[in-house]
Each structure stands twice: as C-alpha cells, then as structure tokens.
Amino acid sequence: MNGFAEMIIKTEDIIVKTIARILIPFIQLFSLYVIMHGHYSPGGGFQGGVIMGASLVLLFLTHGYEESKERMSEKAAILFSSTGVLIYSGIGLLCLLLLGNYLDYGRLSLILNVDLAHARSLGILGVEIGVGFAVMAVMFSIFLDISTGGIEPGEEKKNEKASTR
Amino acid sequence: MEVTLLIQATDDAFQVMEKAKMQAVGILDTATRLTSETRTIQERKLKAIFKGAHESQSGFLNFVATFAILIIFWAVLSGKFDAFHMTLGILCSLVIAWLSHDLLFANVRIGDIRVIVQRFLIYIPWHLYQIFLSNFHVAYLALSPRMPIQPEIIRFKTKLESDISWVAFANSITLTPGTVTVDIEGNEFVVHALSKKVADDLNAGEMEDRIAHIFMEADHIYIQDVLDVSRIFSALK
Numbered sequence: 099m100n101g102f103a104e105m106i107i108k109t110e111d112i113i114v115k116t117i118a119r120i121l122i123p124f125i126q127l128f129s130l131y132v133i134m135h136g137h138y139s140p141g142g143g144f145q146g147g148v149i150m151g152a153s154l155v156l157l158f159l160t161h162g163y164e165e166s167k168e169r170m171s172e173k174a175a176i177l178f179s180s181t182g183v184l185i186y187s188g189i190g191l192l193c194l195l196l197l198g199n200y201l202d203y204g205r206l207s208l209i210l211n212v213d214l215a216h217a218r219s220l221g222i223l224g225v226e227i228g229v230g231f232a233v234m235a236v237m238f239s240i241f242l243d244i245s246t247g248g249i250e251p252g253e254e255k256k257n258e259k260a261s262t263r
Numbered sequence: 025m026e027v028t029l030l031i032q033a034t035d036d037a038f039q040v041m042e043k044a045k046m047q048a049v050g051i052l053d054t055a056t057r058l059t060s061e062t063r064t065i066q067e068r069k070l071k072a073i074f075k076g077a078h079e080s081q082s083g084f085l086n087f088v089a090t091f092a093i094l095i096i097f098w099a100v101l102s103g104k105f106d107a108f109h110m111t112l113g114i115l116c117s118l119v120i121a122w123l124s125h126d127l128l129f130a131n132v133r134i135g136d137i138r139v140i141v142q143r144f145l146i147y148i149p150w151h152l153y154q155i156f157l158s159n160f161h162v163a164y165l166a167l168s169p170r171m172p173i174q175p176e177i178i179r180f181k182t183k184l185e186s187d188i189s190w191v192a193f194a195n196s197i198t199l200t201p202g203t204v205t206v207d208i209e210g211n212e213f214v215v216h217a218l219s220k221k222v223a224d225d226l227n228a229g230e231m232e233d234r235i236a237h238i239f240m241e242a243d244h245i246y247i248q249d250v251l252d253v254s255r256i257f258s259a260l261k
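Line by line, the protein sequences give chains A and B. For the record, in the first sequence the residue sitting at position 148 is 246 according to this note's numbering, with numbers rising by one throughout. For the record, in the second sequence the residue sitting at position 161 is 185 according to this note's numbering, with numbers rising by one throughout.
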C-alpha cells in the first residue's frame, strides 16, 4: 500500500491547476454568501457547507495532499464538525433553558435585546452557521476517507513498521 | 668535486624555488577560496534580505488585494448594503482572504499587480480584434466550396515563465477561432490549428510577445517596463 500522501493523485495539467487556484477563493466566498443569506434567498447551511467542502476537495485534487495539508487536515475536520453540531444544539438548548421549545428562536429575544422577528432571524443565522461548519467538515472528511482508504496520517508509518517486522 | 657542489647548489636552489612556488599557489588558493566564500555569504545575505522583505511585503499586499477583490465580489452577490450585511461581508472576506491569499496571487512579484491589470485591460481589445479577424477566416474556410483546410498539430516551446502566463496564453489560443490548445507538456505547447494561415500567425509569436509583455517575462523588457517599475520602486523606498 502506498503512503498517505501519494493516495490523492494531483493533476499535472497546469491549466486546471492554475484556474482552480484562482477560483477557490471565490468559491469559498460564495459558500459563505449562501450560508449568510440563507434566510432571504435559496440556500442555507447545508448548501453553503457543501460548496465549501467542494472547494476544499478541488484544492486537494488539483494541488495534492502534501501542498494543501496546511489548510485543512483530518484533525481540523473532526474539530469543525463537532463545533458545528455544538453551535446547532447549543442554540437549541439555549431556547430550552429560556423556557421555550427546542430551537424556539423567539425566546432568544430575551437575551439578545431585540424584537421577536429579529431574534428569529439571528437564531436561524446562527443555526445555519453551525450546519455549514458541520457539513463542510463532514464532506471533506468523507472525501479524504474515500481517497485514502480510511488511513489516518499517523497510521501509515505504524503499518510500514508492522510490515517490515 | 666542484661539479658535485655546483649540482647540489642548483638542486637546493630548485628546491627553494619549488617551495616558494607551492607557498604562492597555496596563498593564491586560499585567497580565491576566501573571496568566493565571502562573495557567496554576501550574496546569500542579500538574497535572504531581499527574499524576506519580498515575502512579508507581498504577503501583506496579497492579503489586501485579495480582500478588496472579495469584498467587491460580495457586494455584487449580496446587493444588500445595510450595516449588518456589510459587516458580515467584511468578516467573511477577511476570513477567506486570510485562508487563501496565497492562492489567488501566487507567483506575483512586488507591485506588479497594478501594472499587470493595466496591461491586461489594454490586451483585451487587441485580442477581441484578433478573434474578430480569425472569425472571418474560419467562416471563409467553412463557406468556400473547396474548403481549403489543412489541419495540423503544431508543437512549440514557449518562452513564458510562470503558470499564470501559460494559462493566459493557452486560453487566448483556445479563444481564437481556428486554434485549440490541446495540452501543455513541460514548457511545450501542443496546439491544433485548422489551416496554414492560422498556424503561421501563431508561429509568428505576436500573441506570445504580448502575453510576455503583460506579465513582464522572458527578458521582454521595454523602456515602458523600466519606467513603470521605477515609479513603483521609488514609491516603495
């Protein structure tokens, strides 16, 4: 079995690589736009998160694992996915603590010091940010797991040692 | 007896001369080595200073330029200019600029961005005119009853240096009717040309010259280049 780094084969096509390099910041900003305007227009946390995850997948496919591991790693993906779920459930539980139902955003007006409609809007925004985080990280880690056969970066050395013994 | 003495004296003289020669060679060697060492050290120091300054400067400039471009992109997408949405936009652009400022402007040198953008904008009308001309040529090829096409694959080495200029050149070739960039192998372009005239136009290299002029590459220094760059360097000083 090859090393972890060689499993994601990067493209040698300079055109694809350069265009991807230039487009990735715009794709990422577009994903954040989709998340932030989810309560006005089509889109929302899931869609934005998928676009963000796709931009990372594009980066890894075009630039390879070694060059892009500083931007996003397996550990960061785990951290982000659990942070996203924490934001989501945290807002839901906050509404419970404020004597409302789970995810009853109207209750947030008590602590945010704004009127009811505004509190609902802000609550939805917060939940969408959480969903976006979780989806982005999970999309990325699914890609990494599929393309590397589920081996974590540290593990491949252990495997090599075991095979040499 | 005297002859023996004479021979011995000559031998001694020769030995002394040999020693002196060896010493002189040794001294010269040391001198050369020292000079070259000091020179490499100085060069390395200069390079390090230049590189460090270059990196920090261009890193910050890249960040600012990426942020400016992204905030414009956000404004175009969003269309809402109230304080809440603009704050969100600034935050998002900052985050993305921080994450990927080295992606958008990789391989761009100090202060070049303005010059490149300016020259690129001047290049676009010329390229549109070329597309216009080639359109007529391809229409003539398609409409004439004999259909005088001579399709061929041409390969040529390019003098361009950076990936962005290769991509600009390849896409310019593809956008011009009659020619399609098939591949870039190393620094060799593989281009499919529809007729002899189109291939000759490409081999004449005017488009490549203009691309090299935009990105200031391949020893393509005009007087205008020096004037443009000197202004920026004096501003940096």
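Where a beta carbon is used, it is the ideal one built from N, C-alpha and C, also for glycine.
Query	Result
Per-residue burial, T246(A) [other beta carbons within 10 Å of its own, 16 or more giving buried]	buried
Three-state class that DSSP yields for E67(B) in the structure shown	helix
Three-state secondary structure (DSSP) of A92(B)	helix
Three-state secondary structure (DSSP) of T160(A)	helix
Cβ-Cβ distance between V155(A) and Q145(A) below 8 Å	no
Spatial distance of F239(B) from F105(B) (CA atoms)	36 Å
Closer than 8 Å to chain A by CB, W122(B)	no
Test: R119(A) CB closer than 8 Å to a CB of chain B	yes
Simplified DSSP assignment, three categories, for A217(B)	strand
Assigned exposure category for M150(A) - 16 Cβ within 10 Å defines buried	buried
Simplified DSSP assignment, three categories, for Q110(A)	Looking at the sequence itself, residue 110(A) is Glu, so the reference to Gln does not match. If DSSP states are grouped into helix, strand and coil, E110(A) belongs with coil.
Every unbroken alpha helix (DSSP H) within the stretch 150–195 of chain A, with a cutoff of 4 residues, ordered by chain	172–195
8 Å Cβ cut-off: residues of chain A touching I208(B)	D111, I112 and I113
Touching by the beta-carbon criterion (3+ pairs, under 8 Å), the stretch 158–166 of chain B and the stretch 209–228 of chain B	yes
Test item: CB-CB of P175(B) and L218(B) under 8 Å	yes
Contact list for the stretch 218–245 of chain A against chain B, Cβ threshold 8 Å	none
Coil, strand or helix - I134(B) by DSSP	With a pLDDT of 49 at I134(B), under the threshold of 50, the modelled position of this residue cannot be trusted; read the value that follows with caution. Residue state, collapsed to three classes: coil.
Exposure of G103(B), with buried meaning 16 or more beta-carbon neighbours within 10 Å	exposed
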